[in-house]
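Below is one structure; the comments refer to it alone.
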């Protein structure tokens, strides 16, 4: 062993001693080797105190070697690339790794919070529900103090510098877990011609074989695993995913896999993909995720130096580090004897094997005894000494019956206690998939029972413990999926391996006896991270929290970052014991994703930042950008809001743009309006049902304003429609409604009226729309060169004609959303920018101006034109809007019946009206509430939906929904203004400008 | 009921916590009750509590098919606010909020109601119009509300992304300072303990399998633990309301959908308020333990599965990262689903039914947790007097025929 | 994530589709003849069963066609997809265009 890494073994292990790696922990520099995890490197360097528990702030050491680790929760990296809360057991070591412990103040070695341990009895399960209530206003202070100690690591300090991606995949068989069973299942399926995916959370395939002394077909087990993986890798249609955790199992055999692509948590800076989410639809799934070892429950079983026996073996065999020099092994089953043999083989002294079973172990026990290891059968560890590191264990004989007043007769000095309380198959995915679980009373674990989806369990995850059984079970599971797929099973032999003949069964020892009763003895921990003890579970049961879900929630059992992988079964058993029930009666809990935590980033994938949501822009967008127009976000669209000149602000620009339209010429990009081509023999009948007005009366070439209602009678969308032919209409919708209106129409057509032959096609992106408005708009078009006459006799208001304008094919609409003489030019989007530029050049002569959405809003408000979605909110009928003239009495249409409901007929419904500020200058805030009287408190009678300063009129105007508004013309009501006197306003007609509507007819 | 206090904690600690009494009994069901509440979630337990406390009912049972608080009460993101758009809704939620403010003391159980403020973000001009409208309405209804700009948002929530170049830049927010979060399990347990102390029988593992309706009147229920008669039956079973309605031959204007939420691993405090966004569809807070608690959307399709679809989670993650780019590297610990019962107008039903003696409280959709005490309070009144309180009169079933819906869809286009 | 069989395009992921609610809600032939309660029943009341449910789906990121699906709302198992009937508004009588039974994806235990 070297001075630098005092606990590093001289030989063996799957580490590369030629590649030393520097890292730091809590600011101190250390060295490890390639192939280490942070945990193994810390152990190699003799670091045993790595964390503090959540509530009691007890010193904690590394317990496990994988996903189950509850204590060594680290902050890895710094700044924006920091990664909070990684278990050191799952962090592959890399050069320059910076790790920090995450609990303890000022530090993990000396933590003032450890005072909690002293007052621990007051801080029993659920203590916070019983106090901090008085005085009432103080909870925020109490909470502030509580929050100070929240959490483990810290959120990074900036946007994530790394990328993530999503990958969709399909396969015949997905194998979750690449240990012996998983490899055999994958081989069986792949060799039979199935398309296979094999995922394993470690960076090498082999699972437990990587830390296992056994041999397969005469070769070291790890070599067999490597060869098997190689064979699979070479096969066509076989995808191997190392460093990939299958974390979710959803309906219809959909599974999610998180792949860690980079070698380290923050090494992909520079453009690489850090993690990849595989979204896999598998026809069959083999679940071979192995099993998790349980700790044993005894007093002070959380002290640093108490470690899972399998973890001890793993550290020795795989990482060539020795977690202790003088060990006590405590078990209720045979498997921990391997840890004792590993320890002895690595030169450590095994002071004792303490086996709670009176009969001790099988063959492994004999081997231990042959090495001279003292075996204390029928004994238990009752307590350990030491605070920051175990210094000794107290041992007592145990008859399996008495739990109190047990006198420890033997005290053994040691610096390591390797524990095994048996094994729990990793049934998480099986349960996520809706599968049943069944308690096995002889193996003392939950086993996967009936599956609800197309999955089969194999190996240790299926209760097969020996290597030989795992291999055979993997083959069986693989073959089963093959036959379910209807393929022919290839002949494959089970490789030769130990079958563990001569093992003895596990025997229950859910809680070691103690010198006093379970409520008084030193703490016996069930959930390390959350400090849930046996006494807590007993307290919960005493207080009536007896359902296992209540117990979990009351005591926080299983709510740590390890999600109860270590503690849940022990907790259930202790609860069952407390309640005098059998374990299956206590029940288990449902497992939910994720099996192990997954980053938000990998779930989000590429769709973040500018890709969060598609940005839609018009064909003319680049011109708007070049003109310096700020954009208004309308749904996914970016629309020019206004076109400032010479440092104009919004108000100045809008005033100028409005006057340009009213006095001469304005041009607007209206391309975002939804456009639908509707045609077919039954198109008139169809549109009669959709729109409220009489569509059949429209002549070819005519335009009409149309509205559509939901079946609830509320205004849904509106727009101009044009009859382009006997059986053809051109419909426009609002910008926001384009997609939903088309879908909605299609639904009616396909599901309700399939007898109608109508075809709907979206043209929104194919055609662009340029609105040319103002007294000089006709002059502009004439200047551009138009092949049709534009005078009002031959091209009257509300008509449409195809034309050639400036040499380009267009459809010209004589419609107006400003009340001025106006044309809308519909043109293929490829030509839109050219047309726009041409218009801009020609418009100079008229002192024309481009205008944006704000000016459009002002102009239409001056005319009292409604904007669906701004002046309406899903609770406004056409009658409320004063659109009775649009409602045909001669036909039914969608929503018509709802207009007869009592509430629709109420006289005091909110109706759409105009408002004038009586002071003649205040522009009301949009969203201002209106009240009938100026005094407080006043009942609301409506609200302002639109409000602007009208430059054309020289005063502010507003549109509002007011209870019974249309019958109250001329009345004064009040605009409520927070913090200010209510402002008197007068109810007027919503049409403020050109009330007779003459200007658009010019 | 033995009172909880710091003193009782100390006293019991000295005795190794061996003398704590049960929080609620586990009685055998009686043959009959004055009133039966079907559903042992927060709303049902609250109903029983207020029936006993305010209306003198001595003989009340809460029947829970599983364990109390195990449905949506234990599956939500625990947000409490009252800043709804329409007066009818905001007054009901405000009643609830006022009850929340004294609830820990009323129940002698710390439900950890933490008034850390709720921000509803606006990302477009229309969002801001809607926020102005809602805030103005709230203030006129006596509900605290204010509109704040992006700079103030940034000041209050330093880790939020207020960059103007964000895909959906934050233009402002409404803030209700009295809003916040509470400890969801504690609400069920606290109401259970307090109701039990007033004599209410809380009967777990007792599933209602039928409703005995004769001549238009409900006489009792069939359960897995035998028939139980009752003068009045209040059904408060959220996502399963449709199933219970069917037992009484009724239909309801609700549909059940899966709604998901998730928590991150606990991290050091970084977000000490509640943030909700409709346009960027997500809502988030941080628990006292340090977990980021994130609400996702509903699955579009009907479902009773208490589980949802993964794309919904992807969208929620994208939304949270859009608002909080630094959370990208935080890890999701656990996700879960509930069944929410959604009304056409996104408002609840607290109502008599065509069956005499049978009352339904359902349709809370994605936002029922915040209403727990208010819902129970109003529903208790409705059961006790056989007519709704003025606060819940607008939430009767007849609104669907008359058309007097209270459409909150536009105001909160986000699950909450 | 559900796997839904589009009768025209075959099995596709849920994200390609949009949901259209309960199938077989026929629009009344003469709404004017209905009472307010009857109209409300058509508008708002749905069977919302826990169990077998006939529902409408649209393959809107594909062929954009509407079709029917028979799905269990508790297990999410899909019994079949079907083409909507062209004889009237009740979509229930559509022909059985596709079932998932043969795909192994969504059948209960995949065999």
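Residue numbers (the numbering used here), protein chains in the order written: chain R, 1 to 1002; chain V, 1003 to 1418; chain X, 1419 to 1529. Here a beta-carbon is modelled for each residue, glycine too, at the ideal position from N, C-alpha and C.
* Asked: Just by C-beta distance, which residues in the stretch 751-765 of chain R are closer than 9 Å to chain X?
  -> 751, 752, 753, 754 and 755
* Report the residues of the stretch 605-624 of chain R with a CB closer than 9 Å to any CB of chain V, ordered along the chain. => 605, 607, 608, 609, 610, 611, 612, 613 and 615
* **Counterpart residues of residue 1288 of chain V in DSSP-defined beta bridges** => V:1294
* In chain R, what lies closer than 8 Å to residue 1120 of chain V by C-beta? -> Chain R residues near residue 1120 of chain V: none, gap ~15 Å exceeds 8 Å.
* Name the DSSP bridge partner or partners of residue 154 of chain R? -> Residue 154 of chain R pairs with nothing; no bridge assigned.
* CB of residue 1081 of chain V within 8 Å of CB of residue 1371 of chain V, strictly -> yes
* Closer than 8 Å, CB to CB, is residue 1300 of chain V near chain X or not? -> no
* Can you tell me which of R:869, R:443 and R:923 puts its alpha carbon nearest to the alpha carbon of residue 425 of chain R? => R:443
* Secondary structure at residue 379 of chain R, three-state DSSP: helix, strand or coil? -> strand
* **Rounded distance between the beta-carbons of residue 207 of chain R and residue 177 of chain R, thought under 8 Å** => 7 Å
* Asked: Whose Cβ in chain C lies nearer than 8 Å to the Cβ of residue 146 of chain R?
  -> In the displayed structure, chain C is absent; the protein chains listed are R, V and X.
* Whole-Å CB distance - residue 406 of chain R paired with residue 229 of chain R, under 8 Å assumed -> Not quite, the Cβ-Cβ distance comes to about 49 Å (not below 8 Å), so this is no contact.
* Asked: Quick one: does residue 1005 of chain R have its CB under 8 Å from some CB of chain V?
  -> Outside the shown range of chain R (1 to 1002) lies residue 1005 of chain R, about which nothing can therefore be said.
* Asked: Pick from R:122, R:846, R:38 and R:803: whose alpha carbon is nearest that of residue 88 of chain R?
  -> R:38
* Asked: Taking the runs of the beta strand (DSSP E) that are 3 residues or longer, which of them lie wholly in the stretch 477-541 of chain R?
  -> 525-527
* Would you kindly work out how many angstroms separate the C-alpha atoms of residue 295 of chain R and residue 83 of chain R, rounded to a whole number? => 28 Å
* Thinking C-alpha only, which one of V:1169, V:1345, V:1180 and V:1227 is nearest residue 614 of chain R? -> V:1169
* Asked: Within this structure, are the beta carbons of residue 1385 of chain V and residue 1361 of chain V separated by less than 8 Å?
  -> yes
* Asked: Relative to chain X, which residues along the stretch 395-421 of chain R have a C-beta separation below 9 Å, given in chain order?
  -> none
* To do: Name the two residues that bound the continuous beta strand (DSSP E) containing residue 166 of chain R.
  => 163-176
* Asked: Does DSSP put residue 934 of chain R in a helix, in a strand, or in coil?
  -> coil
* Return the residue from the list R:319, R:389, R:492 and R:824 that minimises the CA-CA distance to residue 300 of chain R. => R:389
* To do: Work out the CA separation of residue 1178 of chain V and residue 1038 of chain V for me, nearest whole Å.
  => 36 Å
* Asked: Looking at the C-beta of residue 1307 of chain V, does it have a partner C-beta in chain X at a distance below 8 Å?
  -> yes
* To do: Flag residue 1464 of chain X as yes if its beta-carbon sits less than 8 Å from any beta-carbon of chain V, otherwise no.
  => yes
* Residues near residue 313 of chain R by beta carbon distance below 7 Å, same chain, minus five either side -> 211, 338, 339 and 342
* Asked: Taking the continuous beta strand (DSSP E) assigned at residue 1019 of chain V, which residues delimit it?
  -> First-last for residue 1019 of chain V: undefined, no H or E at that position.
* Asked: Span of the beta strand (DSSP E) holding residue 249 of chain R?
  -> 244-250
* Between the stretch 129-143 of chain R and chain V, which residues of the former have a C-beta closer than 8 Å to a C-beta of the latter? -> 129, 130, 131, 132, 133, 134, 136, 139, 140 and 143
* To do: Closer than 6 Å by C-beta to residue 552 of chain R: which residues in its own chain qualify, once you throw out the five before and the five after it? Chain order, please.
  => 558
* **Neighbour-count burial assignment, residue 549 of chain R, 16 or more Cβ in a 10 Å radius** => buried
* Contact between the stretch 1294-1310 of chain V and the stretch 569-578 of chain R (3+ Cβ pairs under 8 Å) -> no
* Asked: Among X:1423, X:1466 and X:1425, which residue has its Cα nearest to the Cα of residue 1259 of chain V?
  -> X:1466
* Proximal residues to residue 1006 of chain R (C-beta, below 8 Å), its chain only, five neighbours per side dropped -> Nothing can be reported for residue 1006 of chain R, as the shown portion of chain R is limited to 1 through 1002.
* CB contact check: residue 1449 of chain X to chain R, cutoff 8 Å -> yes
* According to DSSP, residues forming a beta bridge with residue 1255 of chain V -> Looking at the DSSP assignment, residue 1255 of chain V forms no beta bridge with any residue, so it has no partner.
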